[in-house]
Structures are given as structure tokens and as C-alpha cells.
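Structure, as C-alpha cells:
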Amino acid sequence: MLNKGDHVPRFECTTIDDVQVNYADLWQKKNLALVCLSEDASPDAQSYIQELRSAQKALAMHDAVVVVTTNPIEGMPLPGCAVADRWGEMQWIASAEHVAELPSPREIAAWLHFVEIQCPECEGEVH
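Just so we're aligned, residue 1 is where the sequence shown starts under this note's numbering, counting upward by one.
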């Protein structure tokens, strides 16, 4: 399983909205919120997907792309979600036994905000 500090594996997938995504097209351009679901038909999955859709504007405002897929992504838990910076470094990753236990869109947005305000030149400084 991927951990904080690992790099996002290069992947191609189809989102739950039938959009083809090639991570190479996003790398170095956008922060990434990746949500991997084991299925999208159950009531819990549909409810979570609706929450994500309702929060889409708030999530995207952090110079990020939100990818929600049922395709397996190497190293990603199912179900699970992760946030990575534009350089592909995982900043946060979460897994759950059930979709209903996944972090809320608000928590995902908070991590995207955290990634957005980081200063790469400042990392490693001693305070």
C-alpha cells in the first residue's frame, strides 16, 4: 500500500463519470485527490459519490483535480482516498473497510488546502 511520501504511480483510469484520466497529463500541473471505490452501485457508494459531487467546487478550488474511480490503482486501498501534490508526492492517504467510513469531502478539501499552501523551498528548515 502507498504511504505518505511515496510517489503516485503512473496510472490511467476511467472515472465514475466515464472520463478517461491519464495521470501523466496531470503530473506537475495539478494537485490530486484520488478516491478509489471498490464499487459504485451500493446506496453507501452512491451517497458518498453525491457528497463528492456536491463538494466538487470546493475541492477543485485548491488547484486540484479530483479523480473518483472504481478502477484499481497500484498501491491504493479499496476503498481509499489520497491527496498528492503536483509533483506526485503522497501527502495523505486513508483507507476504510466500507465506503461510508471514508473521509468526508471536507477532510479531503482540508488536505488539498494544506498541500496548496506548502512551500517546497521551506521544507526541511529548522524552526
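Don't be surprised by glycine CBs; every beta carbon is placed ideally from N, CA and C.
Is residue i buried or exposed, if buried means 16 or more other CB atoms sit within 10 Å of its CB?
{"i": "VAL126", "result": "Confidence at VAL126 is low in this model, with a pLDDT of 47, below 50, so the placement of that residue should be treated as unreliable; the coordinate-derived value is given next. Per the 10 Å Cβ criterion, exposed."}
{"i": "ILE73", "result": "buried"}
{"i": "CYS81", "result": "buried"}
{"i": "ALA41", "result": "exposed"}
{"i": "VAL19", "result": "exposed"}
{"i": "ASP17", "result": "exposed"}
{"i": "PRO79", "result": "buried"}
Out of the options, point me to the one whose CA is closest to residue i's CA.
{"i": "HIS113", "options": "GLN91, GLU101 and THR70", "result": "GLN91"}
{"i": "ASN22", "options": "GLY88, CYS13 and PRO77", "result": "CYS13"}
{"i": "GLY5", "options": "CYS119, GLU101 and TRP87", "result": "TRP87"}
{"i": "ILE117", "options": "HIS62, THR69 and HIS98", "result": "HIS62"}
{"i": "GLN50", "options": "MET76, LEU2 and VAL99", "result": "VAL99"}
{"i": "ASN3", "options": "LEU102, ARG106 and PRO77", "result": "PRO77"}
Across which residues does DSSP place residue i in a beta bridge pair?
{"i": "GLU12", "result": "ASN22"}
Since residue i and residue j are thought to touch, with beta carbons under 8 Å apart, how far apart are those beta carbons, to the nearest angstrom?
{"i": "ALA109", "j": "ALA45", "result": "In fact, because the Cβ distance is near 20 Å, the residues do not count as touching under 8 Å."}
{"i": "VAL68", "j": "LEU32", "result": "Not quite, the Cβ-Cβ distance comes to about 12 Å (not below 8 Å), so this is no contact."}
Beta strand (DSSP E) runs wholly inside the segment 68-111, at least 3 long, in chain order: Segments of the beta strand (DSSP E) lying fully in the segment 68-111: 80-84 and 90-95.
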